[in-house]
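Asker: Residue numbers (UniProt numbering), protein chains in the order written: chain X, 1 to 319; chain H, 1 to 319; chain E, 1 to 319; chain G, 1 to 319; chain P, 1 to 319; chain A, 1 to 319. Don't be surprised by glycine CBs; every beta carbon is placed ideally from N, CA and C. One structure coming up, written as structure tokens, with questions to follow.
6 protein chains.
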Amino acid sequence: MEIKKIIEFQNGDYIEGFFLIKSVEVKTSSNNKNYMDFTLIDNTGEINAKLWECTKEDEEKYLQYQLIKVRGNVIEWQGRLQLKIVKIRHATKEDNLNIEDYVLCAPQNPQYMFDEVVKYIEKIENQDIKKIVESIIYESKDKLLFYPAAKINHHAVRSGLLYHILTMLKSAERLSEVYTHLNTDLLFAGVILHDIAKVDEMEANKLGIVSDYSSEGQLLGHIIQGIKKIDRVATKIGADEEISMLLQHMVLSHHYEPEFGSPKRPMIPEAELLHYLDIIDARMFDMQKAIEGINSGDFSDKIWILHNRKVYNSNLKKG
Amino acid sequence: MEIKKIIEFQNGDYIEGFFLIKSVEVKTSSNNKNYMDFTLIDNTGEINAKLWECTKEDEEKYLQYQLIKVRGNVIEWQGRLQLKIVKIRHATKEDNLNIEDYVLCAPQNPQYMFDEVVKYIEKIENQDIKKIVESIIYESKDKLLFYPAAKINHHAVRSGLLYHILTMLKSAERLSEVYTHLNTDLLFAGVILHDIAKVDEMEANKLGIVSDYSSEGQLLGHIIQGIKKIDRVATKIGADEEISMLLQHMVLSHHYEPEFGSPKRPMIPEAELLHYLDIIDARMFDMQKAIEGINSGDFSDKIWILHNRKVYNSNLKKG
Amino acid sequence: MEIKKIIEFQNGDYIEGFFLIKSVEVKTSSNNKNYMDFTLIDNTGEINAKLWECTKEDEEKYLQYQLIKVRGNVIEWQGRLQLKIVKIRHATKEDNLNIEDYVLCAPQNPQYMFDEVVKYIEKIENQDIKKIVESIIYESKDKLLFYPAAKINHHAVRSGLLYHILTMLKSAERLSEVYTHLNTDLLFAGVILHDIAKVDEMEANKLGIVSDYSSEGQLLGHIIQGIKKIDRVATKIGADEEISMLLQHMVLSHHYEPEFGSPKRPMIPEAELLHYLDIIDARMFDMQKAIEGINSGDFSDKIWILHNRKVYNSNLKKG
Amino acid sequence: MEIKKIIEFQNGDYIEGFFLIKSVEVKTSSNNKNYMDFTLIDNTGEINAKLWECTKEDEEKYLQYQLIKVRGNVIEWQGRLQLKIVKIRHATKEDNLNIEDYVLCAPQNPQYMFDEVVKYIEKIENQDIKKIVESIIYESKDKLLFYPAAKINHHAVRSGLLYHILTMLKSAERLSEVYTHLNTDLLFAGVILHDIAKVDEMEANKLGIVSDYSSEGQLLGHIIQGIKKIDRVATKIGADEEISMLLQHMVLSHHYEPEFGSPKRPMIPEAELLHYLDIIDARMFDMQKAIEGINSGDFSDKIWILHNRKVYNSNLKKG
Amino acid sequence: MEIKKIIEFQNGDYIEGFFLIKSVEVKTSSNNKNYMDFTLIDNTGEINAKLWECTKEDEEKYLQYQLIKVRGNVIEWQGRLQLKIVKIRHATKEDNLNIEDYVLCAPQNPQYMFDEVVKYIEKIENQDIKKIVESIIYESKDKLLFYPAAKINHHAVRSGLLYHILTMLKSAERLSEVYTHLNTDLLFAGVILHDIAKVDEMEANKLGIVSDYSSEGQLLGHIIQGIKKIDRVATKIGADEEISMLLQHMVLSHHYEPEFGSPKRPMIPEAELLHYLDIIDARMFDMQKAIEGINSGDFSDKIWILHNRKVYNSNLKKG
Amino acid sequence: MEIKKIIEFQNGDYIEGFFLIKSVEVKTSSNNKNYMDFTLIDNTGEINAKLWECTKEDEEKYLQYQLIKVRGNVIEWQGRLQLKIVKIRHATKEDNLNIEDYVLCAPQNPQYMFDEVVKYIEKIENQDIKKIVESIIYESKDKLLFYPAAKINHHAVRSGLLYHILTMLKSAERLSEVYTHLNTDLLFAGVILHDIAKVDEMEANKLGIVSDYSSEGQLLGHIIQGIKKIDRVATKIGADEEISMLLQHMVLSHHYEPEFGSPKRPMIPEAELLHYLDIIDARMFDMQKAIEGINSGDFSDKIWILHNRKVYNSNLKKG
């Protein structure tokens, strides 16, 4: 029997494959028996799956975010494919799986991206700025390798935060060729630090899926947490006070509007640009994702994170 | 010749007195000669004063915020009293003046108020909270004795910040008798710390008059500065992390609305009440000030800091 | 068999008890037979209950807001307890029940609270104010004893309106010790009258549950209705015009913001304080209620009436 | 010497005429002497006038809103005409003046407009509505004959309130031919009553110029005052309660938006239409006034009461 | 057997009738068989209907917006009438049906309304304006005869756009008798053109039901589309530039507020009035519709398109 | 005598130089004689200048925006330098002046910038897009060479519009290397066309100073005017309809928010990015300008076009 990816399923198939349990619920059918209602995903899509007449052990054994191996029949139910599970077990080390095949991941390798970010840090000339950035990024490295940039919004993919930082660094470098009066030390540092405290604000598992916000995350938020991080490191290394203050200002003002969490608006051009690099990267990501899901000449549904806009996929060539 | 207070001046008087220069400008009269145009104040009022045909030395000698001794004629000019200066000199130590007689001050003695605040700190049972508050308040004591609470708004009087804190503590204590589930340790600490970083945000002279905002004050603001203060002290004394976080949350949320500087709204009842104690104290101060300036049965002008409201001074008895 | 409160139910119990029908619906099961689907409450909680294979008479007999006596089996259904009703009858006088045991009530006895409010009225020195307040409060007494303060928001409990008034009076008295220039006659009267016309705006049953808003309540609202009440009584007793006007102004402005129903903002300090006493009492009530439902160290869900905030239940001791 | 209107003045004229003192101020010239600086108006325009070297008696004799007779020289001063007063005296009964010649008035005779409004009242079939309207309008008749509709905004002309009502009645009648389901009794009554309490809210002199707002006007506003008026009359005549309530609702909701003073939005079509008739009449008046002041093809300045819009006077024919 | 309208159905009837399929879904019953779940409408109401045990052919044959003939039993299901379909077929030409009997239509005949609109065009004196309006209206005539004015809001009935235009023209004519300075050519043209591009913005079927918005409708909107229409025609006929510009301005500004799609607010009185005529017509339509559905003395539910207001149906006579 | 630039003036100098009259007013001195009050500028700064005892001919001869040659004394008046004009005449061809020396200009040569823009057009592959852009840019070339981008806001310098376009093109090219899915044809075209109709909206003289807005500019605005431009050209050359629609959408949506003139928000990523390129270029320009005017470590005044923010000039090196 062939191992299949979800995208390859067809009505009538009898398939075998590995999937991640995105969610699972125990329900009761009209004949009063329990069954398990799964949403299974791999990196090609998602499908509803039923394990009829499950046992109490099944209910306790197969839980959210686990990798499982499954055999079953693909049927069509009210116009949608569904998987009727025949066999189920946990994936094991021997199955030799790569997480990238089962969850949405940033398009580049985490360690590679981390190394690229470090190259930008190498370009920072001001030693105080460089030390602050280095200290913080290495302290956060473990989490940075898999953390998403958000719970449900833009870059909510494994290693999404790192990908977001790296893309912004590329844009920052290019635009500082056009706006030559900018201090690139500040700008690069701002890009790297602006969301770095998200690793403290959110609790994410190794799949890059956020389960919750931390208490401090909810009571203070990553902007305040980031400022404190800079304050502590800058104090420790005895950095110039203005430099510490400017980096904190960049983090503080990067959401731009008070109602989005920035009590101060940018007062230096590097902070101003940081905000727009951030928002451009989020929007390009979200719009591109929306476009990938629709045909040329069509509109997407209204997308909440784009302020309820629809996105149009034109017939012109892309890129 | 009699020493007179501004409130006692009458048209035709020839007076002598001590005054503070609130502002001074060198102007040119229609006959092309320079004269000095003063606004003089004491704690009973303010008056316009002219030094006609002043010398270059005069222009360089008599500056804003200085105490001067003056003789002159009180005249009426277009319906208002004005002082024509005949003699002028700086006040000296020998004149033996009290600053309270020349600038608007809080109605109680600064050291007395400080001691009263300390009594509230004594009531704090939780030792971590107590230590944090003590450490910060003694560190700020020098400035606290004369700082106003604002540049132009509520409690913009000498020692106004201390007075604001003390009055709020009284209200906090009383309302915690009604709302008995509140943690008074948190509440008292929140009251004392909520605006404490205003001593870093603003630059005020010993007269309690704010000349400017500091760079950090403008780029970060007293809310963020206050959080960093708590973070540093709590780290130093090894305070419980939740306690530090809750105190920071109280400072962070006390302006309540994002557009007024609080990226997070209160999530504990003590923070919620802190906000309202703050606003009640500001409003009672501003409304009472407005009422003092008008007759019973009259309305004040529109008052900007009361969102452009007029205040009505009823004919009913007060208090 | 033991009489049990809902909070004591355990899976497998066969129980007997008295409950209030919070809501009831006739539904049809998958085998095409009607059954009754109840939500039953007492003052310890609420539970879903089913009366399977009910008769037409049952459907017409057991209605919302009735007190019933029930026997049945407690079972677990998809993780929640459910009551399978075996026997059901109406409660009778002979059962000797107290309404306090079946609906959420204010924490103090209505008549006691009313008497306490009357004591505050006794403190009012101005005779016109006193007469107006007395006339209105006695006219509303019957309803005041059981009316809630709202349909679903703060103080939506039996006698909640009276409790709200009494608590605010306590706070008003205490804060007028701090802000000594306030006219306590006006302040106490404002507290008592500010929401008094809610007894005309809403239609509530003796359980303190609001079924609907009256026509006048919807077309004019309790603020306007309250003003008319004062206008009529003041005219009848020939009260001083300024006093009537000030009381009306306090009622008119107590929601503070036009978008919350106050076309005029407070222009006297007593009206200003009235607004904040009102909002503090609502918030302390709602936050406390939220905290009671969660463990220390946890956050509540987002609470709509707190503008979608979560509330945090700290690990510090309360009160 | 010829009696001239302001619009006829030319540089170099020596004129005689009657004018109203719109405002007057005593100023001091560069040679330190007092002079009186007048703004004089008649119904053709306004002009600045100077009485040089005035006496103390002059200063006390010629006051705002008085009618005066004046002789003087018309000169040009920095591009504008100015009147240098040579002779001045008060107008007397013998001068036989009509107020319409000296202040901006509604384009129709007040008594005629009042009679026209009465004709609309005659058309009201419901006797309760008719009695309420009649009672209130006759009670307000004296003031209605000369009151403007506002202090500075739309219809701020003598008898402007009456003109506003009459024009709206005409529109109301016509639109009820198109929207035939409307109750014209309610609609006509709503039009007549919607602003009627402006005669209590504002204090205006017989010239139709508002000097101030009354205390009750400021603390409650004409909407609340109007509701109380209806409430009192309806109670007195024992009107149907629904009718009284609907008329009050119409007055309450006619500003439509809470932030403009209506805590309730219209819930009946007659109230909805009332709002739009009101706003259309204000806008047509203000736009027409703006257009009259500019040439074809030009834009007006930004007009505050039109939300800072400019108005364009097209080259097309009007009417 | 009698042909019956939906409004005449009673529990237990065996009926025959013609209906329009408003929507249809294939569902699966608890015994795992497909059935068709219809919403059927005629111009008297709507009813749920089931075709149990349908065939694959049925599923493909009976589709949304088709007219069908049906026999079946009227039963009561959970308090509502439901139709159990016994026989079903498509309506045919021979059935001789009128669309007006099956969908909500404007209350007047489309061709009649079009002719009435043309009469207003005849009244336009300015030849450029007349030609532009004529050219555009005849170009849109086909669609105009059946297009609604909106997808779900006001005038979402067959020929609703034409009805909206005609009613506004009547009001425009009447109000220009009151406001005699208006240019009726501009006003009539503005009324006719303001929404004319809705026929390009939306895609509606002959039933007057909007299925979707066009791509250009979504990317530009009917306001911009209408301006381009005028621009093209005006250029073609060589119309006066100011006239073209004014007509475009009227279309551009008729939504009044930027957030509703008008980047410029009205700057001529005709545009100002156009906006209010538009909004009055929408509101009278929506409120009347709401009132028709409720008893005297009752309130409607909250109505979204009326900004969530309830509407009150008074006991007074209508019209 | 030496020809001096304004920046070189010192108190006591007797200078000669060429200047542009930025504004001029005839005033009357206290001795009742006319004098001319100039603001003179060159590209180094601006100075107030007086021509005392001017003749009628002078008043009519020296007008705004003229280039003049002047001799005079530099004096200090109330702390500021002022020029007392001794000799004045118009500049002549023989003086051989360059406009760049007298008004603020974009930092690059207009023709050079135009040629650079054309190079970007050469990169557009889609022939329809290319033709539309070419047609419009050549049609506007004359004005484009000197038009500013705004009356008082960002890029309000000679040739500012062209400079704004060119800078954005550079950024667009660079960011499309990072966001590789973008269609650069659309993006470049959008950048070039987004503000192109400002040459129709505003009336500017050859100095690049806007005197006023055109009638069409005020009634429709440059966004609508730009759409019509594209519509006309696209129709003429028979361009693909989707392409025309997308270009119009980009122009329509580039202000992003309805309240800033865009009734539709961007629905394609190229339009989204266009908006941010636009705003980044404006902000970098305005912030850099603000920074140039202040010392390191200082804050600017509040800058209206930066939403009343102050800008901080850090001590770090720039660029």
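In the DSSP assignment, find the unbroken alpha helix (DSSP H) run with G45 (chain P) in it and report its ends.
Answerer: Segment G45 to L51 is the beta strand (DSSP E) holding G45 (chain P); no alpha helix (DSSP H) there.
Asker: Helix, strand or coil for S159 (chain X), going by three-state DSSP, please let me know.
Answerer: In this structure, S159 (chain X) counts as coil in the three-state DSSP scheme.
Asker: Consider the Cβ of E259 (chain E): report whether some Cβ of chain H lies at a distance smaller than 8 Å.
Answerer: E259 (chain E) does not count as touching chain H.
Asker: If I'm right that S159 (chain A) touches A106 (chain A) with Cβ under 8 Å, what's the distance once you round it to whole angstroms?
Answerer: Right, their Cβ atoms sit about 4 Å apart.
Asker: Given this structure, state the Cα-to-Cα distance separating H254 (chain E) from L162 (chain E), to the nearest angstrom.
Answerer: Approximately 17 Å between the Cα atoms of the pair.
Asker: I need the DSSP call for A290 (chain G), collapsed to helix, strand or coil.
Answerer: Helix, per DSSP.
Asker: Identify the contact partners of F299 (chain X) in chain P, using a Cβ-Cβ distance below 8 Å as the criterion.
Answerer: Going along chain P in sequence order, the residues near F299 (chain X) (Cβ under 8 Å) are S215 and Q218.
Asker: Would you verify that the beta carbon of I243 (chain P) is, or is not, closer than 8 Å to some beta carbon of chain A?
Answerer: Judged by the 8 Å Cβ criterion, I243 (chain P) is not in contact with chain A.
Asker: Do we get a CB-CB distance below 8 Å when we pair K131 (chain G) with the residues of chain P?
Answerer: Not an interface residue.
Asker: Report the rounded CA-to-CA distance for Y62 (chain H) versus S214 (chain G), giving the unit in angstroms.
Answerer: Whole-angstrom Cα-Cα distance: 47 Å.
Asker: Please confirm if the region 285-295 of chain A is in contact with the region 260-267 of chain A, defined as three or more CB-CB distances below 8 Å between the two stretches.
Answerer: Short answer: they don't touch.
Asker: I need the straight-line Cα distance from L182 (chain P) to W52 (chain A), nearest angstrom please.
Answerer: Between L182 (chain P) and W52 (chain A), the C-alpha separation is close to 51 Å.
Asker: Residues of chain H with CB closer than 8 Å to the CB of Y312 (chain A), please, in chain order.
Answerer: S215, Q218 and L219, listed in chain order.
Asker: Express the C-alpha separation of I124 (chain E) and L207 (chain G) in angstroms, rounding to a whole number.
Answerer: Roughly 45 Å separates the two Cα atoms.
Asker: Can you confirm whether G160 (chain P), when its beta carbon is compared against all beta carbons of chain G, has any partner nearer than 8 Å?
Answerer: Answer no: the Cβ-Cβ gap between G160 (chain P) and chain G never drops below 8 Å.
Asker: Is there a C-beta anywhere in chain E that falls below 8 Å from the one on E177 (chain H)?
Answerer: Taking Cβ atoms only, chain E reaches closer than 8 Å to E177 (chain H), which makes this a yes.
Asker: Does the beta carbon of L182 (chain P) sit closer than 8 Å to a beta carbon anywhere in chain D?
Answerer: Looking for chain D here will not work: the only protein chains present are X, H, E, G, P and A.
Asker: Around the C-beta of D231 (chain P), are 16 or more other C-beta atoms found within 10 angstroms, so that it is buried, or is it exposed?
Answerer: Flag for D231 (chain P) reads buried.
Asker: Can at least three beta-carbon pairs, one atom from the region 10-24 of chain G and one from the region 300-312 of chain E, be found at a separation below 8 Å?
Answerer: Taking 8 Å as the limit for Cβ pairs, the verdict is that the region 300-312 of chain E does not touch the region 10-24 of chain G.
Asker: Kindly confirm or deny that the region 195-210 of chain A and the region 193-211 of chain X touch, where touching means at least three C-beta pairs closer than 8 Å.
Answerer: No, the region 195-210 of chain A is not in contact with the region 193-211 of chain X.
Asker: Have a look at I136 (chain E) and Q225 (chain E) and give me their C-alpha separation to the nearest angstrom.
Answerer: If you take the alpha carbons of I136 (chain E) and Q225 (chain E), they lie about 12 Å apart.
Asker: Determine contact between the region 72-79 of chain P and the region 126-140 of chain P, defined as no fewer than three beta-carbon pairs at a distance below 8 Å.
Answerer: Because the criterion of three Cβ pairs below 8 Å is not met, the region 72-79 of chain P and the region 126-140 of chain P do not touch.
Asker: Report the option in X:I279, X:I243, X:I68 and X:E100 whose CA atom is closest to the CA atom of S314 (chain A).
Answerer: With distances taken between Cα atoms, S314 (chain A) lies closest to X:I243.
Asker: Using a beta-carbon distance below 8 Å, is R309 (chain P) in contact with chain G?
Answerer: Closer than 8 Å to some Cβ of chain G, the Cβ of R309 (chain P) qualifies, so yes.
Asker: Select from P:E292, P:H154, P:Q108 and P:M245 the residue whose C-alpha is nearest the C-alpha of Q218 (chain A).
Answerer: Answer by Cα proximity: P:M245.
Asker: CB-CB under 7 Å to Q10 (chain A), same chain, minus the five flanking residues each way: which ones, in chain order?
Answerer: Contacts found: V74.
Asker: Anyone know if the C-beta pair for L145 (chain G) and F188 (chain G) falls short of 8 Å?
Answerer: Not closer than 8 Å, so no.
Asker: Which residue's Cα is closest to the Cα of K317 (chain G): P:L186, P:K229 and P:Y312?
Answerer: Among P:L186, P:K229 and P:Y312, the Cα nearest to that of K317 (chain G) is on P:L186.
Asker: Taking Cβ positions only, does Y35 (chain P) come closer than 8 Å to chain G?
Answerer: Not one chain G Cβ lies under 8 Å of Y35 (chain P).
Asker: Between which two residues does the alpha helix (DSSP H) carrying A234 (chain E) extend?
Answerer: Residues H222 to I237.
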